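Numbering (our numbering), first residue to last: 40 to 491. Note that CB positions come from ideal geometry on N, CA and C, so glycine has one too. Every value quoted in this text rests on a predicted model; they were computed, and no experiment measured them. Please read the structure below before turning to the comments.
Dropping the structure here:
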């Protein structure tokens with residue numbers, strides 16, 4: 040394997056608090072044409088190998104599995120997951136409307152049914168002088184585009200996390216957000232998207248007391264507008280005090296609503312973002328309810344819109360299957376790969392002048408104190424924990440669901456006996472245990488093999 044010494048960490052590589060040298064590498068296989076490799080050697084071997092016909096995931100075997108091994112000659116057993124590159128069709132949950140909001144059906148059914156809509160950005164893109172004068176990123180980086188991202192946690196979400204973790208709120212909040220953003224990054228690194236931007240977290244700030252300038256609202260359109268203006272002012276007037284980001288994400292604990300075409304409120308909206316807003320200072324912003332790991336799929340979908348991606352399907356003027364991929368106009372089980380249309384939209388956007396902000400580095404180094412999680416997201420939060428975050432205390436993985444099924448869609452039980460109800464949550468996080476010696480890979484596949 041050829042290698043180049045490029046940091047692929049979620050955090051800025053110049054973090055002053057990082058004590059150890061970078062142990063993340065990019066490269067390619069000398070035995071396979073058009074291959075790519077991303078490997079971490081931080082603690083064992085973790086990473087991806089992509090060839091023309093398959094992709095491989097390598098990671099250390101979970102500790103609970105290692106303990107069950109009979110042979111003692113394994114110094115550091117690993118899992119290798121092989122996945123052939125072919126599209127998988129999954130069952131849809133509901134057809135979505137057009138406005139980039141994500142809605143959860145408020146009926147009495149046992150499944151949550153999300154809807155997504157798009158908000159078109161008609162404003163002319165602003166090209167600020169700072170983007171022209173800021174130093175271009177090192178030409179040594181073959182991933183020429185980097186989305187420097189700021190994540191803000193509003194007071195409502197922090198208060199909710201404080202009730203769940205009263206004695207360790209700050210650390211739990213940090214771990215949750217880093218795990219979520221790590222999962223979003225992994226979706227964007229999927230081989231089906233090709234040469235995608237790196238997502239770099241340059242700021243994470245918890246608003247323990249809501250700023251007066253950022254007025255909360257349970258109307259998601261109003262709250263998004265308020266946030267977009269607030270983050271623009273914060274970024275523009277905060278010279279020397281905070282990093283300059285390309286995209287801002289607000290995670291909220293408010294149960295928001297959207298007003299439909301008939302003037303009715305739909306209370307279970309979970310996300311909203313302007314379309315093609317990336318690098319436009321007033322429109323490169325996203326809001327999402329941040330109470331569960333469903334946010335991973337919503338944030339990736341919305342960031343795709345911000346990067347110029349349209350929904351898959353003839354209704355949006357392209358030939359791609361509307362029922363299979365991340366940019367499907369519906370959310371459903373197991374949609375964790377990208378269509379060829381999404382890849383083409385992204386390539387077109389990255390060639391456009393609007394994408395110039397993704398080529399210029401922020402001169403500010405982040406103050407984030409913790410490195411990105413070295414474990415897979417599902418190893419940080421197991422299935423029961425994911426259910427607790429989604430549906431509250433007492434929720435746990437449904438015992439009526441086979442282990443393999445959770446990779447497509449995790450189901451959670453709440454209550455007991457005659458009062459017990461089973462709900463669909465989201466595809467289990469990558470790395471979630473889904474059977475003996477098995478973990479979810481790409482939220483759709485589960486295979487394992489031990490190595491010495």
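| query | result |
| --- | --- |
| How would you label residue 341, buried or exposed, when you count the other beta carbons within 10 angstroms and need 16 or more for buried? | buried |
| Look up residue 341 in the DSSP assignment and say whether it is helix, strand or coil. | helix |
| Could you name the residues that DSSP lists as bridge partners for residue 451? | 436 and 462 |
| What residue range does the beta strand (DSSP E) around residue 239 cover? | 237-245 |
| Could you say which of 209, 362 and 257 lies nearest to residue 377 if we only look at CA atoms? | 362 |
| Excluding five sequence neighbours on each side, which residues of the same chain lie with their C-beta closer than 7 Å to the C-beta of residue 254? | 265 |
| Excluding the 5 residues flanking residue 417 on each side, which residues of the same chain have their C-beta closer than 7 Å to its C-beta? | 467, 468, 469, 470, 471, 478 and 479 |
| Out of 441, 314, 459 and 432, which one is the CA nearest neighbour of residue 384? | 314 |
| When the Cα of residue 331 is compared with those of 217, 476, 427 and 351, which residue comes out closest? | 427 |
| Going along the chain, which residues of its own chain have a beta-carbon closer than 7 Å to the beta-carbon of residue 304, five neighbours each way excluded? | 296 and 298 |
| Is the Cβ-Cβ distance between residue 289 and residue 190 less than 9 Å? | yes |
| Please identify the residue among 246, 267 and 449 whose C-alpha is closest to the C-alpha of residue 434. | 449 |
| So, is residue 454 buried or exposed, given that buried needs 16 or more other C-beta atoms within 10 angstroms? | exposed |
| Tell me the DSSP bridge mates of residue 442? | Residue 442 pairs with nothing; no bridge assigned. |
| If you run the structure through DSSP and keep just helix, strand and coil, what is residue 191? | strand |
| Give me the Cβ distance between residue 200 and residue 212, rounded to the nearest whole Å; I'm assuming they're in contact under 8 Å. | 5 Å |
| Am I right that residue 285 and residue 415 are in contact with their C-beta atoms under 8 Å? What's the rounded C-beta distance? | So it is not a contact: roughly 26 Å between Cβ atoms. |
| Provide the residue span of the beta strand (DSSP E) that contains residue 287, from first to last. | 286-291 |
| Unbroken beta strand (DSSP E) runs of length 3 or more, entirely within the stretch 317-389: which are they? | 324-328 |
| Below 6 Å CB to CB, which residues in the same chain sit around residue 244 once its five sequence neighbours on both sides are set aside? | 191 |
| Using three-state DSSP, classify residue 95 as helix, strand or coil. | strand |
| State the Cα-Cα distance for the pair residue 232 and residue 327, rounded to the nearest angstrom. | 23 Å |
| Residue 316: buried (16+ other C-beta within 10 angstroms of its C-beta) or exposed? | buried |
| Excluding the five sequence neighbours on either side, which residues of its own chain have a C-beta within less than 6 Å of the C-beta of residue 356, listed in chain order? | none |
| Write down the C-beta distance between residue 197 and residue 247 rounded to the nearest angstrom, noting that I regard them as a contact closer than 8 Å. | 5 Å |
| Pull up the CB-CB distance for residue 71 and residue 99, whole angstroms please, since I reckon it's below 8 Å. | At roughly 24 Å, the Cβ-Cβ gap does not stay under 8 Å, so residue 71 and residue 99 are not in contact. |
| Check residue 254 in the structure and name its three-state DSSP category. | coil |
| Give me the DSSP bridge partner(s) of residue 305. | 297 |
| Rounding to the nearest angstrom, what Cα-Cα distance links residue 336 and residue 276 in this structure? | 32 Å |
| Assuming residue 320 contacts residue 350 under a Cβ cut-off of 8 Å, what Cβ separation, rounded to an integer in Å, is found between them? | Residue 320 to residue 350, Cβ: 25 Å. No contact. |
| Helix, strand or coil: which one does DSSP assign to residue 480? | strand |
| For residue 139 and residue 287, I'd like the C-alpha separation in whole angstroms. | Caution is warranted here: a pLDDT of 48 is assigned to residue 139, below 50, making its placement in the model unreliable, and no coordinate value can be reported. |
| Could you have a look at residue 178 and say whether DSSP puts it in helix, strand or coil? | Since pLDDT at residue 178 reaches only 30, below the 50 mark, its modelled position is unreliable, and the value read off the structure follows with that caveat. Looking at residue 178 - three-state DSSP - the assignment turns out to be coil, as it is neither helix nor strand. |
| Taking the alpha helix (DSSP H) that residue 416 belongs to, which residues open and close that run? | 416-419 |
| When the Cα atoms are used, what is the spatial distance from residue 151 to residue 462? | Here residue 151 scores only 40 on pLDDT, less than 50, and its place in the model should not be relied on; the value that follows carries that caveat. Each residue's Cα considered, the two are about 7 Å apart. |
| Just to confirm, is the Cβ distance from residue 389 to residue 184 under 9 Å? | yes |
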